[in-house]
Amino acid sequence: MLSFHLSALQVVIPLLAAPLCAIFRGPRISWLIALAVGLACAVNSLAILNQVNTSGEIIYALGGWAAPWGIEYRIDSANAFILLIISFIYLVGIFYARDSIKAEVPEHSRCWLYTAWILCFSGLSGITVSGDVFNVFVFLEVSSLSTYILISFGKDRRCLTAALRYLIMGTIAATFYLIGIGFLYALTGTLNMADLAERLPGLASQNTVAVAFGFVVLGLAIKMALFPLHAWLPNAYAYAPNAVTAFLAGTATKAAVYVFMRLAFAIFPDDFFSDLTSTHVIVLAAGIISAILTSAIAIFQDDLKRLFAWSSIGQIGYIAVGLGLASSAGVAASFLHLFNHALMKTAIFMAIGGLFITTGSTTIAALENAGRRMPWTMAAILIGGFSLIGVPFTTGFISKWYLVSAALEQNHWWLAGLILIGSLVTAAYVWKIVEIAYFRKNPDTQIVRQEAPLSLLIPTWVLVTANIYFGIDAQFTGSTATLAATAITGITP
Amino acid sequence: MSATTVQFYCLIAPLMAVVLIATLGRVVPKLYETINASVAIVTFLLVLSVYNSMGEAPVARLVLFEPFAGVAIALQAEPLGMLFALMASFLWIVTSIYSYGYMRGHGETNLARFNIFFAIAISSAMGVALAANGFTLFLFYEALTLSTFPLVTHAGTEKAKRAGRIYLFLLLGTSVGFLLFALIWTWKLTGTLDFQAGGVFDSDIGTTTLNALLILYVFGIGKAALMPFHRWLPTAMVAPTPVSALLHAVAVVKAGVFAILKVCVYIFGIDLLGELEIHRYLAYVAAFTIFATAIIALRKDNLKARLAYSTIGQLSYIVLGALVANAAGVVGGGMHMLMHGFGKITLFFGAGAILVAAHKTEISQMRGIGRRMPITMSAFFIGCVAIIGAPPTGGMWSKWNLLLGTVHSSDWLLVAALIVGSLLSAAYLLPIAVRAFYLPDDGGSTKIKEAPVTILIAMMISAGGCVVLFFAPDFAFDLMQMLVH
Amino acid sequence: MEGLGIVNYWIVVALMMTGLYVVMTANNFVKKIIGLNIFQSSVFILYISIAKVSGGTAPILTSEAEIYSNPLPHVLILTAIVVGVATTALGLALIVRIRSAFGTVDDHEVQDVARD
Amino acid sequence: MKHHLILQVVAKALIPFILLFALYVQFHGDYGPGGGFQAGVIFGAAFILYGIVFGKDVAMKVVPPSLVYTTASLGVLLYTGVGVAGMLLGGEFLNYSVLSKDAVAGQHLGILLIEFGVGITVASVMIALFLSYANYRVTEPGEGE
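Residue numbers (this note's numbering), protein chains in the order written: chain A, 1 to 493; chain B, 494 to 978; chain C, 979 to 1094; chain D, 1095 to 1239.
See the structure below:
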């Protein structure tokens, strides 16, 4: 019986838990509730992936109302994979949050933070499982609103303006998306993804479809922080509480990317994204420019969180490149990088949180001697950085490999070259950090071994270990990403 | 224990040193070199056992992981790799002995870190040597770059850091920008990266593509230090001498030329390579590098810098051997890898010994030093002869085969480059020895004594190796014959 | 009736542009939120206009009527309005806290204060 | 506004009717226009009026903020709870038909409970919004907070 409800449970569990958090209002109990949600949903997402891979698509009609009338949840290999990423990052993030949040957020507001966090997670899960474009909008707003709240818990007062700016950008984005699906509804009379996919090909020549597509793409591009619509991201990541940044970096933009993929490849007619509107060229260009340019901007940042926030935009660029290739291999590379980037960036932000706890600062200057003071924390940042560059034995290498082969498959040798140049720019900012942490010696200060607490190190290193493991054995991630790409593009590579 | 699994132990054995140093080293810091030396001996014996089993039956491929379908991390010993592995692991023993005297004598700090990364670098070099496909080769190639980085910046000075930056950016840049690109392209074209005798490319792949690929491969393997990607090697000389000796005369740079030989023999195949017009032009680049570095070396007063430029030039001999695309060239290239390894390590040992005993780095200061340090300078002299390629050292055989290769290619420009290059190397190496033995010292060096005894032992072994290889080059020659047939 | 339909959409476009313009140009955060509200409202009108079926009546089952307006967009927009209210409330709450943290609700001034 | 006697008297007279109307809209929702959203807002409006006219301190005695937060959460919990009840009884999430033996009766029951949950939450959130803005003491930067 339980297996029947898996897809709904993913949303229902956090939705049920969030009000509990708000009722009990204890910082400890709300953390426990959030952790329980994480455990349940992580197991649940694994079960979903297993079920999808063994017995095919899961279709769940909410309230028993079948698709044209009711809202349905529909999960195939693509969303199952994204769900897995979101759930596990959430679980690790919550585990990490307890001590990290304790250091940053006053006790009386911690329960609200966890409530918002759980809601955010339920929103992200909802976006992923939903098979109804309007329902996606609702969950998008649920996750966004709670994200704004989460950001505003930061210690620095600038988190407030960051949250407000994100709120304004996010609302515009969501409204664009809403306009887009409004046009689609006016045209087809349905909001169900599967129905839309059926009806749209016949209408592909109408301008309305193109306009709708434009609005939807624009809205989602803001949400996924695709260059040049990324302005909200650096501040939001830089000023949010460290645990929140770690969670957001791994998940928030990912859900938007997924919706983008779903719309561009599965709902809109075949080659609408690529040949009919040539949007893929724009996405590709935005992606590769962002991959190189924002990495270059990252070199000049003095704050670690801001530096890696810029790096996140760059990594989204790589994902966009995969999308822009508009091929099964390209989408598979994007999926893979979604997963890999979640692993590496979350680990990096967690390690930065550990740095913050011990030194009270996240500036690059705080890294001085960090290589000796906190070898484990620093090693986590280092391995994450290597992964961003794409050094072998890390997941980043696998991503790059897939992406470059996808580019070469279409004979875009220049693109492959640019992707690899992007790696070198990434190396520059990673190296900047490494030199300060390991080679800048300050002879006056006595070096005291001062590692981040274990409760922060363990989740960080869980992700780092996963990063290395999946960098060596990418069978699981690679095949799952390929399956996901096949599910979403309908083409077997 | 079959040879197949022993291949894996060859990689693991050096890592044992890491574990031992990290655990025992805390208790007894003096044990580092002893640990390294004993682990080195174990590694050498393991490599030797793989080598011995090679004659009976081909060593089977050992797949460690398969990161994604069709691309595996796999090991397989073949003649060229065996030669490289034998050389690297043997010279590691010698270097460990040398290192004991040098690092203590020179008062270096952070010995634990130094020895740990040294061992990791050797393990990576073993991985490069035994790689069964381009993917594995690339992985260990990068691991080698990264693990030697802390060794280059060991001193921690501003100069060392700058050197480290150049080192990393040139090596990572070329390998990620060109080599990885070439590998993925090859994989897309052929569906395999396995090293196969005779090459992997089908006949229907266009010449333009293959030309482009060859350029990418040759320049992408930045460790071969072909101009214009040679800058990292001289700057890396800020590293402690054992590092320069083993890694920048043997393991790292030889990994580069080794990779080029591998690509030429197993990815392209000698026959296909010969059909590509571009190989001739790349050979000219190598010839130019030989010539240019010899001129630069002549003008360098710093001993290590002169040796570094000499190394770049000698590496280009090997690249040239690979690129003339005939059996003799490849045989010569492979043998030169070995001969130059022994010769150059002796020279670097000598440079380090002079630094430790006499605190001198500039050649102009070394007048008469040979009389104070006769053993050191005699060994140094043998090293010079080996590099020049004159009897009674093994260097002669490799130069001979290289010359044969160029003659076969009937490109007289290359023949000339080889001969002139050898003459020039005599011109920049011999004066050092002459100055040391025949010129009167400048009086200030009265306190100079012979270098520590471990350094001398190491030097005698490596210099002795150069001479022994003159009389017994058969095993290397046989291995190379196996390779080309 | 035909003309009315088009007028609706013109209004939608006008509101949408007004709203976006205010969001982009206003320095005062409160005004930005107001602009955002105008922008969102335009979309609400868009949906409601889509729902109108000429000659249709309120979608309550009675014996007299045969054509009903489409109720679904109303439901959707009800949800969107709730979301909009939540956004506005959150935005204003943030502004209140910005006021007490920076002493101003002006974008430029906040940036000046933050730089010090 | 303590001295606006007329306002106070009028408000006193109005508030019960507003509450009553809210309840009407709430429970008539499955027959005519109405439902939890609207009812909640009307219900909340009654309390807000009370708070405006009699002052926030008095209003907070009637509904302390912590109670409002709890009821808001309880409303959501009721909503999801009904949904989960549907799951436990063998239907999909939010399938009301299984709530009772008769499908139609089940649907009536379900929608009633769901809308009740919505109404509670909306009303509580409205009051909470009012109270938190009314309570907020604007501090100048550096004054604490």
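For every residue, glycine included, the Cβ atom is placed at its ideal position computed from N, Cα and C.
query: Are the beta-carbon atoms of A452 of chain A and F349 of chain A separated by less than 9 Å?; result: no
query: So what does DSSP say about A1079 of chain C, is it helix, strand or coil?; result: helix
query: Mapping the DSSP letters down to three states, classify T854 of chain B as helix, strand or coil.; result: coil
query: Hey, how far is the Cα of G390 of chain A from the Cα of D99 of chain A?; result: 31 Å
query: Looking at the C-beta of L1223 of chain D, does it have a partner C-beta in chain C at a distance below 9 Å?; result: yes
query: Using only alpha-carbon positions, find the residue among B:T497, B:A515, B:V817, B:R655 that is nearest to L555 of chain B.; result: B:T497
query: Alpha carbon to alpha carbon, what distance is there between V129 of chain A and A80 of chain A?; result: 8 Å
query: Excluding the five sequence neighbours on either side, which residues of its own chain have a C-beta within less than 6 Å of the C-beta of A22 of chain A, listed in chain order?; result: T115
query: Just by C-beta distance, which residues in the region 265-294 of chain A are closer than 9 Å to chain C?; result: none
query: According to a CB-to-CB cut-off of less than 8 Å, which residues of the region 1177-1204 of chain D neighbour chain C?; result: none
query: Any beta-carbon of chain A closer than 9 Å to the one on L993 of chain C?; result: no
query: Which residues in chain A have a C-beta closer than 7 Å to the C-beta of L1054 of chain C? List them in chain order.; result: F134
query: Determine, for A1166 of chain D, whether the minimum Cβ-Cβ distance to residues of chain A falls below 9 Å.; result: yes
query: If I488 of chain A and R262 of chain A are in contact, beta carbons under 8 Å, what's the gap, nearest whole angstrom?; result: 6 Å
query: Please report the straight-line C-alpha distance between P733 of chain B and F610 of chain B, rounded to a whole angstrom.; result: 13 Å
query: If we ignore side chains and look at the alpha-carbon of each, how far apart do G1238 of chain D and R158 of chain A end up?; result: The predicted model places G1238 of chain D with a pLDDT of 41, which falls under 50 and marks its position as unreliable; any figure quoted below should be read in that light. Cα to Cα, G1238 of chain D sits roughly 16 Å from R158 of chain A.
query: Which residues does DSSP list as the beta-bridge partners of N192 of chain A?; result: A:D132
query: Let me check understanding here. Comparing Cα to Cα, which of B:F841, B:A752, B:W680 lies closest to L740 of chain B?; result: B:F841
query: Counting contacts by CB-CB distance shorter than 9 Å, is L20 of chain A in contact with chain D?; result: yes
query: Anything in chain A within Cβ reach of Y1163 of chain D, meaning under 7 Å, just list it in chain order.; result: A22
query: The alpha helix (DSSP H) that contains V216 of chain A, what's its start and end?; result: 207-223
query: Would you decide whether R1093 of chain C is buried or exposed? Buried here means 16 or more other CB atoms lie within 10 Å of its CB.; result: exposed
query: Starting from L557 of chain B, trace the beta strand (DSSP E) in both directions and tell me its first and last residue.; result: 555-561
query: On the DSSP bridge list, what partners appear for V564 of chain B?; result: B:F561
query: Just to confirm my understanding: we take L1050 of chain C, look at its own chain, exclude 5 residues before and 5 after, and list those with CB closer than 8 Å. What are they?; result: A1029
query: What's the gap between the Cα of L140 of chain A and the Cα of A174 of chain A?; result: 7 Å
query: Select from the region 422-433 of chain A all residues with a C-beta closer than 8 Å to any C-beta belonging to chain D, and list them in chain order.; result: none
query: Name the two residues that bound the continuous beta strand (DSSP E) containing W71 of chain A.; result: At residue 71 of chain A the sequence reads Ile, which differs from the Trp that was named. Here I71 of chain A belongs to no beta strand (DSSP E), and DSSP marks it neither H nor E.
query: Hey, could you find the ends of the alpha helix (DSSP H) A485 of chain A is sitting in?; result: 475-489
query: Classify H978 of chain B as buried or exposed, calling it buried when 16 or more other Cβ atoms lie within 10 Å of its own Cβ.; result: exposed
query: Could you give the C-beta distance for I586 of chain B and F537 of chain B, rounded to a whole number, given that I count them as a contact under 8 Å?; result: 6 Å
query: So does the region 878-898 of chain B actually touch the region 817-824 of chain B, counting three or more Cβ pairs closer than 8 Å?; result: yes
query: Measure the CB-CB distance between V745 of chain B and T667 of chain B and report whether it falls below 9 Å.; result: no
query: So, at 6 Å on beta carbons, what are the nonlocal neighbours of Y1190 of chain D in its own chain, with the 5 sequence-adjacent residues on each side left out?; result: G1200, Q1201, G1204
query: So, for I282 of chain A: in the same chain, excluding its five sequence neighbours on each side, which residues have a beta-carbon less than 6 Å away from its beta-carbon?; result: none
query: Give the residues of chain A in contact with L1207 of chain D, contact being defined as C-beta atoms less than 7 Å apart.; result: By Cβ distance, chain A contributes nothing, its closest Cβ being about 13 Å from L1207 of chain D, past 7 Å.
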